[in-house]
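Visitor: Handing you this structure, nothing more for now.
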Amino acid sequence: MIDSKQFINTRHKNQKINYDNVLKELVKEWKKQELRPKLLIHSCCAPCSTYVLEYLSEISDVTIFFSNSNIHPKEEYIKRMLVQKDFIEEFNKRNNANIGFIADEYAPSKFIKAVKGFENEREGGERCHICYEMRLDSAANKAQELGFDYFASALTLSPKKNAQVINESGYVLQEKIEVFYLPSDFKKNNGYRRSIEMCEDYNIYRQCYCGCVFAAADQGIDMKDVNKNAKEFNRNHKDFENFKSLLKTGGNII
Ligand code: SF4
Ligand code: SF4
259 MIDSKQFINT RHKNQKINYD NVLKELVKEW KKQELRPKLL IHSCCAPCST YVLEYLSEIS
319 DVTIFFSNSN IHPKEEYIKR MLVQKDFIEE FNKRNNANIG FIADEYAPSK FIKAVKGFEN
379 EREGGERCHI CYEMRLDSAA NKAQELGFDY FASALTLSPK KNAQVINESG YVLQEKIEVF
439 YLPSDFKKNN GYRRSIEMCE DYNIYRQCYC GCVFAAADQG IDMKDVNKNA KEFNRNHKDF
499 ENFKSLLKTG GNII
């Protein structure tokens, strides 16, 4: 497989890197060499994965990895996981695709420990950088364990997430394992706009806060309400019982 780092090394040191262009160079090379790589893409809920799947499933074999111990409360975590699964199933059906779905274990104490001392940072600050890294790290390790060619995150689709920080973290992790990092800035090329269209088309739930209890408190979100709505959604979902059993261990869903 091809290491995309080579496309970055040709750039000037002080130049801000356009990671969308780096991905394009990598894809060009896959096509030239007739490669169809296996990708493990971290996603925190369905919206960001929409356009990412549309873009990448044409040229690679994609599996979505749900690893988000930052999400609070547990009912909301289960809801986002169920919504993600429903979207992938529908996407596969409509596009005759074969996207896989793997869940990580749900370990909220791991997140709380990781961001200790940074709880009061504003959204987008150091707490979020730690949070991106925690999830990318899990994706990198899972990709290595299961023999994927690349790992990445759909997070770069969100305009609220710092794509520079996410990509830099990805390359740091790449140095520690045998799997390559897949660079991205999925919001480019109208990716973000397309994700909104796809959310409407697939009737996808879009959450009102990023995920952690700190961001929710900052935004004045009523957690009781979030919990109540999520609980109601989950109890009415046919796969709720199966998903509950996966919280401690993680595992293959699709
Ligand atoms: S960044 Fe936000 S919208 Fe995108 S997948 Fe994560 S929680 Fe969902
Ligand atoms: S605001 Fe979002 S990215 Fe930042 S720490 Fe909370 S869950 Fe993570």
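Here the working numbering is used: the first residue of the sequence shown is 259, the next is one more, and so on. Beta carbons: idealized from backbone N, C-alpha and C, even for Gly. No experiment lies behind these values; they were computed from the predicted model shown.
Roughly how many whole angstroms lie between the Cα atoms of Gly382 and Gly508?
Guide: Their backbone Cα atoms lie some 28 Å apart in a straight line.
Visitor: Any heavy atom of ligand 1 closer than 7 Å to the Cβ of Gln432?
Guide: no
Visitor: Which residues bound the alpha helix (DSSP H) around Lys296?
Guide: Where Lys296 is concerned, there is no enclosing alpha helix (DSSP H), although the beta strand (DSSP E) it sits in stretches over Lys296 to His300.
Visitor: Just the Cα atoms here: how many angstroms apart are Arg294 and Ser318?
Guide: 5 Å
Visitor: Going by C-alpha to C-alpha distance, which of Asn447, Lys343 and Glu391 sits closest to Asn425?
Guide: Of all alpha-carbon atoms in Asn447, Lys343 and Glu391, the one lying nearest the alpha-carbon of Asn425 is that of Glu391.
Visitor: Report back the beta-carbon spacing between Cys389 and Asn328 to the nearest angstrom; my notes put them in contact at under 8 Å.
Guide: Sure, about 5 Å apart at Cβ, within 8 Å.
Visitor: Per DSSP, what kind of secondary structure is Phe438 in: helix, strand or coil?
Guide: strand
Visitor: Within a Cβ cutoff of 6 Å, which residues of the same chain sit near Cys302, ignoring the five residues on either side of it in sequence?
Guide: Asn326
Visitor: State the DSSP-derived secondary structure class of Thr321, mapped to helix, strand or coil.
Guide: strand
Visitor: Leaving out the 5 sequence neighbours to the left and right, which residues in its chain are closer than 8 Å to Ile462 when beta-carbon positions are compared?
Guide: Ala304, Pro305, Thr308, Val341, Phe345 and Met456.
Visitor: With 16 as the cutoff for other CB atoms within 10 Å, does Cys466 come out buried or exposed?
Guide: By the beta-carbon neighbour count (other beta carbons within 10 angstroms, threshold 16), Cys466 is exposed.
Visitor: Keeping to the same chain, check which residues put their C-beta closer than 7 Å to that of Glu333; ignore five residues upstream and five downstream.
Guide: Asn485, Ala488, Lys489 and Asn492
Visitor: Using C-beta distances below 6 Å, list every residue in its chain close to Pro331, excluding the 5 sequence neighbours before and after it, in chain order.
Guide: Asn485
Visitor: Measuring CB to CB, does Glu348 end up less than 8 Å from Phe472?
Guide: no
Visitor: Run the Cβ filter for me: residues under 5 Å from any heavy atom of ligand 2, listed in the order they occur in the chain.
Guide: Asn328, Glu381, Arg385, Cys386, Cys389, Cys468, Gly469, Cys470 and Ala473
Visitor: Identify, in the order they occur along the chain, each residue of the same chain with its Cβ nearer than 6 Å to the Cβ of Ile511, setting aside the five sequence neighbours on each side.
Guide: Lys343, Phe359 and Ala361
Visitor: Who are the Cβ neighbours of Ser411 in its own chain at under 8 Å, not counting the five residues just before and after it?
Guide: Ile299, His300, Ser301, Tyr390, Arg393, Leu394, Ala397, Ile424, Gly428 and Ser442
Visitor: Determine the contact status of Leu297 and Asp407, defining contact as a CB-CB distance below 8 Å.
Guide: Taking a C-beta distance under 8 Å as the contact criterion, Leu297 and Asp407 qualify as a contact pair.
Visitor: Name, in chain order, the residues that DSSP records as bridge partners for Ile388.
Guide: Here Ile388 is not bridged, per DSSP, to any residue.
Visitor: Given a threshold of 16 other Cβ atoms within 10 Å of its Cβ, counted over all protein chains shown, does Ala475 qualify as buried or as exposed?
Guide: exposed
Visitor: Exposed or buried, what is Lys337 when buried is set at 16 or more other beta-carbons lying within 10 Å of its beta-carbon?
Guide: Buried, by the Cβ-count rule.
Visitor: Bridge partners for Tyr408 per DSSP, in chain order?
Guide: Leu297 and Phe438
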